[in-house]
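If you're matching positions, the sequence shown starts at 1 in full-length UniProt numbering and goes up one per residue.
Note that beta-carbon positions come from the ideal geometry of N, C-alpha and C, so glycine has one too.
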Amino acid sequence: MARDKSIIKKHGKIADEIISLESVYEKLSDSDLAKKTQEFRERLEKGETLDDLLVEAFAVVREAAFRVLKLKAYKVQLIGAIILHQGDIAEMRTGEGKTLTGLFPAYLNALSGLGVHVVTVNEYLSQRDSEINGSVYNILGLTVGLNGRDLSKEQKRFAYAQDITYTTNSELGFDYLRDNMVYRLDQKVQRKLNFAIIDEADSILIDEARTPLIISGGSQNRINLYKAADSFAKTLDQKTDIEMDLESKQVYLTESGIKKAHKFFSIENLFDFRNTELFHLIMNALKALFTFKLEVEYTVQDSEIILIDQFTGRTMPGRAYSDGLQQALQAKEGVEIEDETTTLATITYQNFYRLYSKLSGMTGTAKTEEEEFLKIYNTRVIVCPTNKPIIRVDEPDLTFGTINAKLKHLVRDLEEVTQAGRPVLIGTTSVESSEQVAHYLQKANLKFEMINAKNHHREAEIVEKAGQVGSITLATNMAGRGTDIKLSDEAKANGGLFVMGIERNEARRIDNQLRGRAGRQGDPGTSRFYISMEDELMVRFSSPKLRQMFLKLGDDHIKSKLFTRAITNAQKKLEGLNFDQRKNVLDYDNILSQQREAIYAQRDSILEQESLKVVLSRFHYTIAFEIVERNSELVRGERTINIPLLIQEIDGKFVFEGSLTEVDFIGLEKQEIAKKISEKMMEHYLNKSSSVPHEVISEMERRTILQTLDYHWQKHINLTQKLRSGIYLQQYAQNNPLHEYVEESAKLFNKMKVMIAEETIIKLNGSFVREMKMDEDINFVDLQPKTVNITDKDIDDILKEWDIPKENFGRTAVEKRLKELQKQFKKDKDQLEKVNFQFAVLDGLMKKLDEMFAQQNKQAAELSFEAVEKITKKFNLDKTFTKEQVKESFDKLIKEAEKDEEKTSLLIETQILMAIATQFESNQKEFTITDEEGNVKKVFKTNPDGSISEDDIEDTEQVQTKTKLG
Ligand SMILES: Nc1ncnc2c1ncn2[C@@H]1O[C@H](COP(=O)(O)OP(=O)(O)OP(=O)(O)O)[C@@H](O)[C@H]1O
Ligand SMILES: [Mg+2]
1 MARDKSIIKK
11 HGKIADEIIS
21 LESVYEKLSD
31 SDLAKKTQEF
41 RERLEKGETL
51 DDLLVEAFAV
61 VREAAFRVLK
71 LKAYKVQLIG
81 AIILHQGDIA
91 EMRTGEGKTL
101 TGLFPAYLNA
111 LSGLGVHVVT
121 VNEYLSQRDS
131 EINGSVYNIL
141 GLTVGLNGRD
151 LSKEQKRFAY
161 AQDITYTTNS
171 ELGFDYLRDN
181 MVYRLDQKVQ
191 RKLNFAIIDE
201 ADSILIDEAR
211 TPLIISGGSQ
221 NRINLYKAAD
231 SFAKTLDQKT
241 DIEMDLESKQ
251 VYLTESGIKK
261 AHKFFSIENL
271 FDFRNTELFH
281 LIMNALKALF
291 TFKLEVEYTV
301 QDSEIILIDQ
311 FTGRTMPGRA
321 YSDGLQQALQ
331 AKEGVEIEDE
341 TTTLATITYQ
351 NFYRLYSKLS
361 GMTGTAKTEE
371 EEFLKIYNTR
381 VIVCPTNKPI
391 IRVDEPDLTF
401 GTINAKLKHL
411 VRDLEEVTQA
421 GRPVLIGTTS
431 VESSEQVAHY
441 LQKANLKFEM
451 INAKNHHREA
461 EIVEKAGQVG
471 SITLATNMAG
481 RGTDIKLSDE
491 AKANGGLFVM
501 GIERNEARRI
511 DNQLRGRAGR
521 QGDPGTSRFY
531 ISMEDELMVR
541 FSSPKLRQMF
551 LKLGDDHIKS
561 KLFTRAITNA
571 QKKLEGLNFD
581 QRKNVLDYDN
591 ILSQQREAIY
601 AQRDSILEQE
611 SLKVVLSRFH
621 YTIAFEIVER
631 NSELVRGERT
641 INIPLLIQEI
651 DGKFVFEGSL
661 TEVDFIGLEK
671 QEIAKKISEK
681 MMEHYLNKSS
691 SVPHEVISEM
701 ERRTILQTLD
711 YHWQKHINLT
721 QKLRSGIYLQ
731 QYAQNNPLHE
741 YVEESAKLFN
751 KMKVMIAEET
761 IIKLNGSFVR
771 EMKMDEDINF
781 VDLQPKTVNI
791 TDKDIDDILK
801 EWDIPKENFG
811 RTAVEKRLKE
821 LQKQFKKDKD
831 QLEKVNFQFA
841 VLDGLMKKLD
851 EMFAQQNKQA
861 AELSFEAVEK
871 ITKKFNLDKT
881 FTKEQVKESF
891 DKLIKEAEKD
901 EEKTSLLIET
911 QILMAIATQF
921 ESNQKEFTIT
931 DEEGNVKKVF
941 KTNPDGSISE
951 DDIEDTEQVQ
961 TKTKLG
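Dropping the structure here:
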């Protein structure tokens, strides 16, 4: 605290300086004020730092905000703003004006051009704050983007490209994960993660951080494996084959159990890496069979497993265990086994936010979690003083025996308080609880509004009225955050907002959040919590005896400070437990996080590099080294390499047959041998692929590497998740399961890298061998293959075979047809391979065309009436024409064309004419030409006679951009 005070004092001095500049900036015209942005940017370029600019920049923002929003930032807000700029967490009470505070560091840091993300807990707040603050950024010449779940990729890219981007927490994280699944660099939507300002930082960085972000998909069908594991578990003798730890619900196999497993599954070692998945299945089956009891932990209804809440005894329809435990229970009970989804990508919030160069946050409640912020995010928590003293009254809790008793009492209190002309906010911990309360209110004929995750769109409207005399608003804690309830004068005079909490939360922080809805900016207000012995927290932390005692109260209650303090102590205990749990999750995630960063960096470099030969040569070396290792053995205590076996493994597969013999390796070290082999591998590969056009090759290489990489990475994530579920490790690591996990995971990762390399190279080698089957004349395995160019005729032949008219040749048509053919030949492997190869050839050509087209496109966008007329003339067509006529002309012209460029132009022109002809035929009055991404390039309008008139040719590029901006 002493530290906080001195920081506040230091920042306070800077804040005073900022305020003293008011007299300077208030004299500037709006446009001169806006010019400051440019000036700051120039000074940054000349070497000044953001810190150097802070005082002036904040003073400019303060003035601009005053002009646009009519709010003049208080000193405490400026102090908060400086804390944020320094990458710390500012604890500022609710209603102190954090939205305005965030404006300052966002502006300052956006001057660097590297992007600033303002992160909120929901879309309502994102939108609200981007609109409020956006108006200030805009008059200062900075751009603002708003990200959201329903945006297209292009809209998202646009939002992230702005100086400042408002986004929700989860969307931000998912975008990051999705960006690391793309196949082309330009499909990414985010820029580098530079600076984030997180609103409601405790909610996002602590509460939400308990569950990681997961993109899942592609379900695994392993029904038979579940059944097998279940059958195995049912053969075991509970006395001799297993050991159980009831408290942690773990079951272990004993020596005899392990023996039975080996026999049952015909394996040598259950603890071998290759059996990680099987082990996991078995452990789940054991758990399901021996520690989960029907009608205690779960019940079966309509052939479905329904979980039972351990605290309340109620069933929880729709809930399911993860990691295959649910499936194990289904196998045990003989009901239908659902598919298990696999994780495609995952990250914890902790590790995601650590990726930012600078991280800051603001919230009303963070100090209680300071240790966690510091340890995990390396951010300090600094408490800002309030602008005005808080006069809210926080009453002791009312404690009841049952939920029914407490809600009945709540209704009575409500009638009294609203009668007195005070607005009320009721806060609940969940949507279910909200609905329960709503039921009581309805029965009592009380009028109220409800805010929860389901009706965000109405939030603004509801909040508008929530501070009026006699209004009742019911909100879940989450939804209540950040909402700005303004009191009417009359409501203020009647005593202000009355906050009623329906249940104490696991963390004090969350309770304080709710209380803080009242008494903002020195307003009067009251807060009170209603507790019952049936609340989850009470069930967990009080003795059954105590609960019995309370039941005797009937509808009565106890109002005691002592009891309130006991609850606070329970919360403290729980906070500690929860922190440990999060810390534990994080410790385990750290290794995965390093691996993820390595893989994502590699992905990026594969996307970025023009030529992938360096990557491939590294793959070659990896494989070569692995093969050398594989063929090493201990002979009389010495490591020796079995050269004949080694050669056998690579000959004709990775290198040309006979190109390496035993003499080549005499006297060489392992590394040297690997190097020699890898060089030969590269030679082999280059030779084989030499006949295929460069574009085709690099595209194939890129795709193959990425596909293989993604596949194995996803597999790795799922494997380590299972590894982590602990059961595997606890049995075998007496000392330190985390340590053991880290080691095993690293081993798996290294193995994965080898697999990626090996599979990629085998696939690529295979791709080029396939060509032989297509054309018997060409022999690629020949040591000195004849080089063969893919000729126009080859392409013609493919198109003919694929049944694509030449003039329709284009990505859409080709990709559509590819899908059809792939489906058609699903069972015919040879045909399928051929089709895929043919596609690669076409794809290479299309890439080339795209490039040319991109250049021509610039011209196409400026395509004037004259230009269209010129093409029509070249094609020898009348004012109106049919597709048939275009095709005829094209056939004639293409025969005469000699150079590649001429042919390309013809193709493009044909496409334009075809588009026009289509419109003639469909008799439409207006038609558009779009580019590949669907952007409207051109709008044509036809005259009644079908011809195009010059005036009606309208360039829509401009229009398009404008609507995007708006
Ligand atoms: N300097 C100021 N002068 C006058 N009013 C202000 C000032 N700053 C903020 N306000 C007003 O205070 C109210 C609360 O602001 P805001 O919602 O940003 O608070 P908050 O700190 O984010 O609260 P919460 O914790 O609830 O999210 C708003 O109505 C806002 O317009
Ligand atoms: Mg807020």
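Limits of the unbroken alpha helix (DSSP H) element including R703: That run of the alpha helix (DSSP H) goes 694-724.
Assigned secondary structure, R178 (DSSP; H/G/I helix, E/B strand, else coil): Three-state DSSP puts R178 in a helix.
For S527: DSSP bridge partner residues: The partner list for S527 (beta bridge, DSSP) reads D394, V499.
N-terminal and C-terminal residue of the beta strand (DSSP E) that Q301 is part of: 298-301 is the extent of the beta strand (DSSP E) around Q301.
Alpha-carbon to alpha-carbon, G364 and residue 998: Absent from the structure is residue 998, since the part of the chain shown begins at 1 and ends at 966.
9 Å Cβ cutoff, D710 in contact with chain C: Of the protein chains in this structure there is only one, and it is not chain C.
E171 versus P212, I132, D163, residue with shortest Cα-Cα distance: The residue with the shortest Cα to Cα distance from E171 is P212.
Coil, strand or helix - L359 by DSSP: Shown here, L359 sits in a strand according to DSSP, grouped into three states.
E268 versus Y252 - alpha carbon distance: Their Cα atoms are separated by approximately 18 Å.
Cα-Cα separation between Y137 and L103, rounded to whole angstroms: Taking the straight line joining both Cα atoms gives about 8 Å.
Identity of the residue in I717, D4, P423 nearest D589 by Cα: Nearest C-alpha to D589: I717.
Residue(s) in a DSSP beta bridge with F58: Looking at the DSSP assignment, F58 forms no beta bridge with any residue, so it has no partner.
When I894, D891, I916, S690 are compared against T872, the one with the closest alpha-carbon: Of the listed residues, the one whose Cα sits closest to T872 is I916.
Contact check, V469 vs E449, beta carbons under 9 Å: Contact: no.
6 Å CB neighbourhood of G141 in its chain, flanking five on each side removed: The residues are A34, T37.
For I641, three-class secondary structure by DSSP: Reduced to three states, the DSSP call for I641 is strand.
Buried or exposed by the 16-neighbour rule on C-beta atoms within 10 Å, applied to K786: Annotation note: pLDDT 28 at K786 (below 50); position unreliable, no value reported.
For Y183, three-class secondary structure by DSSP: Three-state result, Y183: coil.
Contained beta strand (DSSP E) runs [length at least 3] in the segment 230-280, N- to C-terminal order: 242-245, 250-253, all fully within the segment 230-280.
Cβ-Cβ separation, N147 to T167 (assumed contact under 8 Å), whole Å: Confirmed, about 4 Å.
Stretch-stretch touch, CB-based, cutoff 8 Å, three pairs: the segment 381-392 with the segment 417-432: Because the criterion of three Cβ pairs below 8 Å is not met, the segment 381-392 and the segment 417-432 do not touch.
Contained beta strand (DSSP E) runs [length at least 3] in the segment 535-581, N- to C-terminal order: Within the segment 535-581, the complete beta strand (DSSP E) runs of at least 3 residues fall at 557-559.
CB of L748 within 9 Å of CB of Y685, strictly: No; because the gap between Cβ atoms is not below 9 Å, this pair is not in contact.
Every unbroken alpha helix (DSSP H) inside the segment 21-101 [4 residues or more]: Here the runs fully enclosed are 22-25, 30-45, 50-69, 75-85.
First and last residue of the uninterrupted alpha helix (DSSP H) at A813: 811-824 is the span of the alpha helix (DSSP H), which, as asked, contains A813.
Validate contact between the segment 321-334 and the segment 536-543 using beta carbons, cut 8 Å, 3 pairs: Short answer: they don't touch.
Proximity test, R481 beta-carbon vs ligand 1 heavy atom, cut-off 8 Å: Yes, since a heavy atom of ligand 1 falls inside the 8 Å radius drawn around the Cβ of R481.
When I798, K829, D797, G87 are compared against L359, the one with the closest alpha-carbon: Ranking I798, K829, D797, G87 by CA distance to the CA of L359 puts G87 first.
Alpha-carbon to alpha-carbon, L907 and N169: Here the alpha carbon of N169 sits roughly 46 Å from the alpha carbon of L907.
For L709 and I756, believed in contact at Cβ under 8 Å, the rounded distance: Rounded, the Cβ-Cβ distance is 5 Å, consistent with contact.
Which residues DSSP lists as bridging residue 1004, in chain order: Because the chain spans 1 through 966 in this model, residue 1004 falls outside it and cannot be assessed.
Three-state class that DSSP yields for G427 in the structure shown: Correct three-state label for G427: strand.
Candidates E63, V24, I14, I282: closest to R85 by CA position: The sequence given here places His at residue 85; Arg does not occur at that position. Just measuring C-alpha positions, the residue of E63, V24, I14, I282 sitting nearest H85 is I14.
Whole-angstrom distance between S29 and E17, CA atom to CA atom: Between the C-alpha atoms of E17 and S29 there is a straight-line separation of about 21 Å.
C-alpha gap between S691 and K892, whole angstroms: Across the structure, S691 and K892 are spaced so that their CA atoms are roughly 30 Å apart.
Residue closest to S532, alpha-carbon to alpha-carbon, out of K545, E744, L551: Answer by Cα proximity: L551.
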